[in-house]
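Chemist: Please find one structure pasted underneath; my questions will follow.
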Amino acid sequence: MIGQAGMVTAGALFLEVLPPSVARAPSVSAHAAPDTATAPASVVLTLSALAAPEPSPTYAFPPASTPVWQTPSQDAISSIMASRYTAASLSGRFDGLGKSLLDRFATDGSDFSQSVRLSGPLAAPGNGAQATTTLSIRTAGGKSVVLDMTTEDGSLAVGIHGSAALDDAERAAVGKLADAFQKALDGAVSTPPRVDLEGLTGFDTAVLSSVDVTVRSAQAGHTPTNLVFHADAATRSLTLSGESGTIDMTVDVGATAILGNRAQRAEALAGYLRQFDAAAVRGQGDRTFMAMFKSAFGQLTAPPDGSSSGLVPMAGALSAVQASVLTGLPDFHASIVQAASAPNPLKPSEKDGFAYSVSQETRIGGNGALDRSISQNVHSQLSASYHSPLSADSALMLTLDPKSQNYVYTHVEDVADSQTDIAYDKGRLAKASITRSASQTTERSRYVMARLVEQTTVPRRASETRDLLALLRPLDDEASPPTRQKQASRDQALAAVHATVGLEADPSRLHGVKA
Numbered sequence: 001m002i003g004q005a006g007m008v009t010a011g012a013l014f015l016e017v018l019p020p021s022v023a024r025a026p027s028v029s030a031h032a033a034p035d036t037a038t039a040p041a042s043v044v045l046t047l048s049a050l051a052a053p054e055p056s057p058t059y060a061f062p063p064a065s066t067p068v069w070q071t072p073s074q075d076a077i078s079s080i081m082a083s084r085y086t087a088a089s090l091s092g093r094f095d096g097l098g099k100s101l102l103d104r105f106a107t108d109g110s111d112f113s114q115s116v117r118l119s120g121p122l123a124a125p126g127n128g129a130q131a132t133t134t135l136s137i138r139t140a141g142g143k144s145v146v147l148d149m150t151t152e153d154g155s156l157a158v159g160i161h162g163s164a165a166l167d168d169a170e171r172a173a174v175g176k177l178a179d180a181f182q183k184a185l186d187g188a189v190s191t192p193p194r195v196d197l198e199g200l201t202g203f204d205t206a207v208l209s210s211v212d213v214t215v216r217s218a219q220a221g222h223t224p225t226n227l228v229f230h231a232d233a234a235t236r237s238l239t240l241s242g243e244s245g246t247i248d249m250t251v252d253v254g255a256t257a258i259l260g261n262r263a264q265r266a267e268a269l270a271g272y273l274r275q276f277d278a279a280a281v282r283g284q285g286d287r288t289f290m291a292m293f294k295s296a297f298g299q300l301t302a303p304p305d306g307s308s309s310g311l312v313p314m315a316g317a318l319s320a321v322q323a324s325v326l327t328g329l330p331d332f333h334a335s336i337v338q339a340a341s342a343p344n345p346l347k348p349s350e351k352d353g354f355a356y357s358v359s360q361e362t363r364i365g366g367n368g369a370l371d372r373s374i375s376q377n378v379h380s381q382l383s384a385s386y387h388s389p390l391s392a393d394s395a396l397m398l399t400l401d402p403k404s405q406n407y408v409y410t411h412v413e414d415v416a417d418s419q420t421d422i423a424y425d426k427g428r429l430a431k432a433s434i435t436r437s438a439s440q441t442t443e444r445s446r447y448v449m450a451r452l453v454e455q456t457t458v459p460r461r462a463s464e465t466r467d468l469l470a471l472l473r474p475l476d477d478e479a480s481p482p483t484r485q486k487q488a489s490r491d492q493a494l495a496a497v498h499a500t501v502g503l504e505a506d507p508s509r510l511h512g513v514k515a
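The sequence shown: position 103 = 103 (full-length UniProt numbering), numbered continuously.
Spelled out as structure tokens, the structure:
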């Protein structure tokens with residue numbers, strides 16, 4: 001085993017024996033001579049396993065994820081996609097992309113498609129966020145342009161396609177929607193979502209006939225958000241659903257005869273928004289969600305661009321007297337339904353919910369100014385339920401423990417109406433009246449230690465009717481142009497009438513019959 005020079009042959013290991021002062025415990029056992037004062041300077045350790053050492057183990061490291069492109073390209077859209085597709089948020093992935101696609105199409109009118117995705121085991125970083133958006137534009141000549149964008153974690157695909165070649169005017173009209181579409185998209189995929197559609201309601205109807213936008217987005221652990229918007233020369237509509245609930249709205253912008261001037265529309269819009277706020281307070285609705293509803297209502301009822309100074313509708317436009325008894329806004333149906341919750345685990349049937357709807361409908365009858373009749377009805381309805389503590393200085397902490405069951409459960413049902421009627425007989429005003437009514441019912445159940453100790457129902461109703469014939473007929477009969485002073489007095493009187501038009505949901509604010 002050991003040669004003359006004391007070297008270790010194969011199958012043996014040579015160890016140096018250190019002096020006791022620096023010796024270390026060996027990591028393996030050795031057959032060494034007994035410890036003596038004349039200990040040898042070396043020992044032989046036999047390790048047959050070392051004769052043929054096993055190869056070192058190899059470790060497989062995952063390859064880095066790499067992007068896979070539909071078409072290798074250095075164009076501007078692909079460059080934007082390259083810097084966006086791995087963003088954690090949907091707004092980050094779509095940032096500026098919709099606008100760039102429409103700008104590109106407006107410039108050369110050519111179709112375009114591109115996609116990119118990460119490949120490999122780490123191909124889907126992020127939070128499970130995914131979205132699909134579609135913009136469909138139809139021209140007055142029947143051509144169509146469709147833009148699509150889809151994203152999941154680690155992937156992004158875009159495309160824009162025209163059904164036929166667009167002329168310069170059509171491409172320019174499409175290009176004018178670029179900023180508006182990007183704003184609408186940014187709002188829809190934000191957290192929480194925003195409604196930003198104003199720019200999409202003012203397109204040139206002489207060149208484009210309709211615009212449609214659909215955005216569907218989802219994120220892990222959250223309710224998906226869906227936005228569907230449509231606009232043409234006659235109608236605007238919006239449906240928005242998500243974690244907070246659902247907003248549904250349709251506006252008839254084609255009946256321009258009933259639209260008032262700028263001041264009348266502003267006053268009517270402010271009046272409606274006050275009613276929406278009052279409903280949210282009374283029904284304990286989500287203020288943020290109601291703010292979204294109010295924003296959408298203002299955007300969809302706004303007149304098209306360039307129409308802010310009183311529209312010229314069909315032949316036989318309404319007179320100033322007739323317009324004074326109408327709201328001045330287009331007809332509409334709108335509703336907001338908040339997602340219901342059950343905050344009381346001991347009584348899951350007690351839901352917290354908020355549902356509010358409001359509508360305006362106008363009818364114009366007769367064959368002309370001599371026998372014209374106009375009726376306008378505005379209607380609202382509120383149904384809401386909510387839990388509240390027994391007093392303002394106590395907290396609501398409902399659990400399965402009966403000792404925690406100290407609360408008030410409230411349910412409200414409200415209805416409000418406003419009815420305007422005017423009629424002419426042989427060209428002379430024969431009827432002019434406004435009737436408003438409001439009904440509120442409040443049911444409260446008071447619980448102490450899970451026991452019902454009090455239950456009340458409080459109904460409140462009121463209605464009022466104003467006959468405006470005596471006031472309006474002299475103003476309507478004026479044939480010759482009035483003097484400046486008389487015109488100012490006339491305008492003031494008509495503005496006072498207009499201020500009484502529209503809803504009043506609080507019975508205490510009506511001055512007629514109360515019950």
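All residues carry an ideal CB built from backbone N, CA and C; glycine is no exception.
Pair every Cβ in the stretch 245-263 with every Cβ in the stretch 409-418, then say whether three or more of these pairs are closer than 8 Å.
Modeler: No, they do not touch.
Chemist: Please state the DSSP three-state secondary structure of PRO343.
Modeler: In the structure shown, PRO343 sits in coil (DSSP, three-state: anything other than H, G, I, E or B).
Chemist: Taking DSSP as the reference, what is the three-state secondary structure of TYR447?
Modeler: Note: TYR447 maps to strand in three-state DSSP.
Chemist: Using CA atoms only, rank isn't needed, just tell me which of ILE77, TYR407, GLN338 is closest to ASP393.
Modeler: The option with the nearest alpha carbon to ASP393 is TYR407.
Chemist: Apart from the five residues just before and just after LEU166, which ones in its own chain have a Cβ nearer than 8 Å to its Cβ?
Modeler: Hits under 8 Å: GLY109, THR139, LYS143, VAL145, VAL174.
Chemist: Determine the extent of the alpha helix (DSSP H) in which THR288 is found, giving its start and end residues.
Modeler: It spans 287-301 - the alpha helix (DSSP H) in which THR288 sits, taken as one unbroken run.
Chemist: Looking only at C-alpha atoms, which of THR225, LEU135, LEU208 sits nearest to PHE181?
Modeler: The candidate whose alpha carbon is nearest that of PHE181 is LEU135.
Chemist: Quick one: give me the first and last residue of the alpha helix (DSSP H) that GLY245 is part of.
Modeler: No alpha helix (DSSP H) contains GLY245, which is instead part of the beta strand (DSSP E) from 245-252.
Chemist: Quick one: what's got a C-beta closer than 7 Å to SER391's C-beta in the same chain, skipping five residues either side?
Modeler: Within the same chain, SER391 has no close Cβ partners at all.
Chemist: Pick helix, strand or coil for THR420, following the three-state DSSP scheme.
Modeler: The answer is strand: DSSP assigns THR420 an E or B state.
Chemist: In the DSSP assignment, find the alpha helix (DSSP H) that holds SER110 and state where it starts and stops.
Modeler: Note, SER110: premise wrong, no alpha helix (DSSP H); not H, not E.
Chemist: Drop a sphere of 10 angstroms on the beta-carbon of GLU454, count the other beta-carbons inside from all chains shown, and report buried for 16 or more, exposed for fewer.
Modeler: Its Cβ having fewer than 16 others within 10 Å, GLU454 is exposed.
Chemist: Since I believe GLN130 is in contact with GLN70 (beta carbons under 8 Å), could you give me their beta-carbon distance rounded to a whole number of angstroms?
Modeler: Going by Cβ atoms, the distance from GLN70 to GLN130 rounds to 18 Å, so no, they are not a contact pair.
Chemist: Pick out whichever of PRO459, GLN381, GLY368 has its Cα sitting closest to the Cα of ASP425.
Modeler: Of the candidates PRO459, GLN381, GLY368, the one whose C-alpha sits nearest the C-alpha of ASP425 is GLY368.
Chemist: In its own chain, which residues sit with a C-beta less than 6 Å from the C-beta of ASP196, not counting the 5 before and 5 after it?
Modeler: Closer than 6 Å at the Cβ level, and outside the excluded window around ASP196, lie LYS183, ALA184, GLY187.
Chemist: CA-CA distance, ALA320 and THR301?
Modeler: Spanning the two alpha carbons is a distance of roughly 21 Å.
Chemist: Leaving out the 5 sequence neighbours to the left and right, which residues in its chain are closer than 7 Å to HIS498 when beta-carbon positions are compared?
Modeler: Only GLN264, GLU267, SER324 meet the Cβ criterion.
Chemist: From THR132 to PHE94, what does the alpha carbon distance come to, in whole angstroms?
Modeler: Taking the straight line from one Cα to the other gives about 10 Å.
Chemist: Starting from SER489, trace the alpha helix (DSSP H) both ways and give me its first and last residue.
Modeler: Per DSSP, SER489 belongs to the alpha helix (DSSP H) from 484-498.
Chemist: Which of helix, strand or coil does DSSP assign to SER324?
Modeler: Of the three classes helix, strand and coil, the one that applies to SER324 here is helix, per DSSP.
Chemist: For ALA496 and ALA280, what's the separation of their Cα atoms in angstroms?
Modeler: Near 28 Å, if we compare the C-alpha coordinates of ALA280 and ALA496.
Chemist: Within its chain, find whatever has a CB closer than 6 Å to the CB of residue 535; leave out the 5 residues flanking it on each side and keep chain order.
Modeler: Because residue 535 is not part of the residues shown, which for the chain are 1 to 515, the question remains open.
Chemist: According to DSSP, what are the bridge partners of ILE364?
Modeler: Paired residue(s): ILE374.
Chemist: Would you mind reading off the limits of the beta strand (DSSP E) that contains GLU152?
Modeler: It spans 144-152 - the beta strand (DSSP E) in which GLU152 sits, taken as one unbroken run.
Chemist: Applying the criterion that 16 or more other CB atoms from any shown protein chain within 10 Å of the CB defines a buried residue, is THR362 buried or exposed?
Modeler: So THR362 ends up on the buried side.
Chemist: For GLY316, does the three-state DSSP call read helix, strand or coil?
Modeler: Low local confidence applies: a pLDDT of 47 at GLY316 is under 50, so the model's placement there is unreliable, and no value is given.
Chemist: Give the straight-line distance between the Cα atoms of ASP352 and GLY245, rounded to the nearest whole angstrom.
Modeler: The alpha-carbon atoms of ASP352 and GLY245 are separated by roughly 13 Å.
Chemist: Could you name the residues of the same chain whose beta carbon sits closer than 8 Å to that of LEU370, not counting the 5 residues immediately before and after it, in chain order?
Modeler: Counting only Cβ-Cβ distances below 8 Å, and skipping sequence neighbours, we find TYR424, LYS426, GLY427.
Chemist: Which of the three DSSP states is assigned to ARG274 in this structure?
Modeler: Looking at ARG274 - three-state DSSP - the assignment turns out to be helix.
Chemist: What are the partner residues of ASN226, as DSSP defines its beta bridges?
Modeler: DSSP, once it has assigned bridges, lists ARG216, SER241 as partnering ASN226.
Chemist: Is the beta carbon of THR235 sitting closer than 9 Å to the one on ASP248?
Modeler: Not a contact, by the Cβ cut-off of 9 Å.
Chemist: Rounded to whole angstroms, what is the Cα-Cα separation between GLU504 and THR420?
Modeler: Going by the C-alpha atoms only, they are around 13 Å apart.
Chemist: Do you know offhand how far GLU198's Cα is from ARG287's?
Modeler: Their Cα atoms are separated by approximately 21 Å.
Chemist: Identify, in the order they occur along the chain, each residue of the same chain with its Cβ nearer than 8 Å to the Cβ of LEU398, setting aside the five sequence neighbours on each side.
Modeler: PRO343, ASN344, PRO345, LEU346, HIS387, SER404, GLN405, TYR407.
Chemist: Mapping the DSSP letters down to three states, classify PHE203 as helix, strand or coil.
Modeler: PHE203: coil per DSSP, three-state reduction.
Chemist: Between which two residues does the beta strand (DSSP E) containing PRO389 stretch?
Modeler: Premise fails: PRO389 is in no beta strand (DSSP E) and is neither H nor E.
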